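S.K.:
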Amino acid sequence: MTDGGFGWFTGGTGSSCFSWVCRGFVLPVVMSANGEQRLPYLGADDESALILIRHGESMWNEKNLFTGCVDVPLTKKGVEEAIEAGKRISRIPIDIIYTSGLVRSQMTAMLALTQHCCKKVPIVMHNETEQARLWSQIYSEDTKKEAIPVVQAWQLNERMYGDLQGLNKQETAENYGKDQVHRWRRSYEVRPPNGESLEMCLQRAVTFFKEHIEPKLLTGKHVMVVAHANSLRSIIMYLDKLTPQEVINLELSTGIPMLYIYEAGEFTRRGSPSGPTEASVYAYTW
194 MTDGGFGWFT
204 GGTGSSCFSW
214 VCRGFVLPVV
224 MSANGEQRLP
234 YLGADDESAL
244 ILIRHGESMW
254 NEKNLFTGCV
264 DVPLTKKGVE
274 EAIEAGKRIS
284 RIPIDIIYTS
294 GLVRSQMTAM
304 LALTQHCCKK
314 VPIVMHNETE
324 QARLWSQIYS
334 EDTKKEAIPV
344 VQAWQLNERM
354 YGDLQGLNKQ
364 ETAENYGKDQ
374 VHRWRRSYEV
384 RPPNGESLEM
394 CLQRAVTFFK
404 EHIEPKLLTG
414 KHVMVVAHAN
424 SLRSIIMYLD
434 KLTPQEVINL
444 ELSTGIPMLY
454 IYEAGEFTRR
464 GSPSGPTEAS
474 VYAYTW
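When the letters of the sequence shown are read in order and numbered with the numbering used here, they come out as residues 194 to 479.
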């Protein structure tokens with residue numbers, strides 16, 4: 194019995210626990226109440242995994258600057274966070290990856306996938322023009338089976354912070370007042386000067402999620418989304434049915450995966466897969 198091309202279940206029909214073989218790793222497979230085999234993080238066969246990860250620390254996170262849509266890479270700490278995130282999700286199946294159009298998101302996704310037990314190769318899809326699509330075609334079916342498509346979408350970009358981009362957050366608070374800066378950063382409808390409100394970010398991020406990502410989950414695909422604090426806050430607001438007031442207090446940690454299970458049109462938050470030396474970790478706080 195195969196599981197989305199990831200490996201084979203082994204064990205006899207009388208066993209209460211099977212294994213999932215993945216490039217030399219043997220993972221436990223639990224028997225459900227009706228006798229079906231499943232991976233530890235998943236329940237029934239019609240459940241899909243959705244992994245959300247905020248990118249690792251960027252160089253402007255480190256400098257406490259408003260980053261927004263400025264394309265800034267990861268720090269050394271950010272690289273380490275991405276690798277650690279990969280270890281946490283290494284046993285969860287992944288069929289397709291979505292990132293934003295920004296390099297810190299893309300770096301995090303690629304580094305995380307180096308830790309996945311199946312060792313599949315992430316392949317960036319280039320469909321921006323017909324020529325780009327043709328030139329990036331893979332003509333080996335065996336090679337395709339060993340690859341994971343990576344879709345880059347600007348709709349998952351960080352919220353555009355307008356005139357604040359590149360400014361120091363502490364100095365901005367001193368100049369405009371802490372309350373004003375808090376409203377720019379955390380309110381739902383208020384826009385920073387010439388920038389996006391969270392509501393505007395939500396409109397593009399959640400629309401993309403509904404039109405492109407949710408249909409994949411509906412067909413049984415396991416999806417990883419690596420994006421940014423505000424685009425992910427927007428998606429979590431949709432998944433957890435949060436109010437505008439509730440989402441104001443939502444804080445996301447860099448490099449910490451959050452697992453959701455999708456079944457029959459409903460999302461269930463399962464928390465964060467634990468690291469090698471801890472029982473649990475929180476991807477976001479209130």
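Note that beta-carbon positions come from the ideal geometry of N, C-alpha and C, so glycine has one too.
These figures come from a predicted structure and were not determined experimentally.
1) From M451, T322, K270 and K337, pick the residue whose C-alpha is nearest to that of V416; which is it?
2) Can you tell me the Cβ-Cβ gap for K414 and I276, rounded? I've got them flagged as a contact below 8 Å.
3) Contact between the stretch 400-414 and the stretch 369-386 is defined here as three or more beta-carbon pairs at a separation below 8 Å; is this criterion met?
4) Which residue comes first and which comes last in the beta strand (DSSP E) that contains Q345?
5) Taking the alpha-carbon positions, what's the V223 to R297 distance?
6) Quickly, what does DSSP pair M451 with across the bridge? List them, please.
7) Give the straight-line distance between the Cα atoms of P466 and G249, rounded to the nearest whole angstrom.
8) Under a Cβ-count criterion, where at least 16 other Cβ atoms within 10 Å of its own Cβ denotes burial, should A242 be classed as buried or exposed?
9) For the ligand NAD, any of its heavy atoms closer than 8 Å to the Cβ of R284?
10) Out of L245, V263 and I246, which has the shortest C-alpha to C-alpha gap to W253?
11) Going by Cα to Cα distance, which pick from M300, Q299, N257 and K313 is closest to S283?
12) For Q348, which option in K256, W377 and S427 has the closest C-alpha, if you only look at C-alpha atoms?
13) Sorted by chain position, which residues of the same chain lie with C-beta nearer than 6 Å to I246's C-beta, five sequence neighbours on each side aside?
14) Which residue comes first and which comes last in the alpha helix (DSSP H) that contains T365?
15) Measure from the alpha carbon of V343 to the alpha carbon of each residue in V317, H421 and L425, then state which is nearest.
16) Count the C-beta pairs between the stretch 326-334 and the stretch 430-442 that are closer than 8 Å, then say yes if the count reaches three, no if not.
17) When the Cα of E497 is compared with those of E407, P437, K409 and K362, which residue comes out closest?
18) Near S380, what residues of its chain come up, given a Cβ to Cβ distance below 8 Å and the 5 sequence neighbours on each side ignored?
M.R.: With the given structure in hand:
1) In the sequence shown, counting from the first residue as 1, residue 416 sits at position 223. The shortest C-alpha separation from V416 is found at M451.
2) By 1-based counting over the sequence shown, the position of residue 414 is 221. By 1-based counting over the sequence shown, the position of residue 276 is 83. The pair is not a contact, with the Cβ atoms about 25 Å apart (cut-off 8 Å).
3) no
4) Numbered from its first residue, the sequence shown carries residue 345 at position 152. Note, Q345: beta strand (DSSP E), A340 to Q345.
5) Here residue 223 refers to the residue found at position 30 of the sequence shown. Here residue 297 refers to the residue found at position 104 of the sequence shown. Here the model assigns V223 a pLDDT of 47, short of 50, so the residue's position is not dependable, and the following value carries that caveat. Distance between the alpha carbons of V223 and R297: 36 Å.
6) Walking along the sequence shown from the start, residue 451 turns up at place 258. Note: M451 is bridge-paired with L245 in the DSSP secondary-structure output.
7) As a first step, residue 466 is located in the sequence shown; it is residue number 273 there, counting from the start. As a first step, residue 249 is located in the sequence shown; it is residue number 56 there, counting from the start. Rounded to whole angstroms, P466 to G249 spans 17 Å at the Cα level.
8) Residue numbering aside, residue 242 sits at position 49 when the sequence shown is read from its first letter. Under this definition A242 is a buried residue.
9) The ligand NAD is not among the ligands present in this structure, which contains no ligands whatsoever.
10) On the sequence shown, residue 253 is found 60 positions in, with the first residue counted as 1. Cα-wise, what sits closest to W253 is V263.
11) On the sequence shown, residue 283 is found 90 positions in, with the first residue counted as 1. Nearest option by C-alpha distance: K313.
12) Indexing the sequence shown from 1 puts residue 348 at position 155. Q348 has its Cα closest to that of S427, out of K256, W377 and S427.
13) Position 53 of the sequence shown holds residue 246. Within the same chain, I246 has close Cβ partners A278, V419 and P450.
14) Mapped onto the sequence shown, residue 365 falls at position 172. Per DSSP, T365 belongs to the alpha helix (DSSP H) from K362 to Y369.
15) Within the sequence shown, the letter at position 150 stands for residue 343. Comparing Cα-Cα distances from V343 to each of V317, H421 and L425, the minimum goes to V317.
16) no
17) Nothing can be reported for residue 497: it is not among the residues displayed for the chain, which extend from 194 to 479.
18) On the sequence shown, position 187 is the one that residue 380 refers to. Same-chain partners within the cutoff: S390, L391 and I441.
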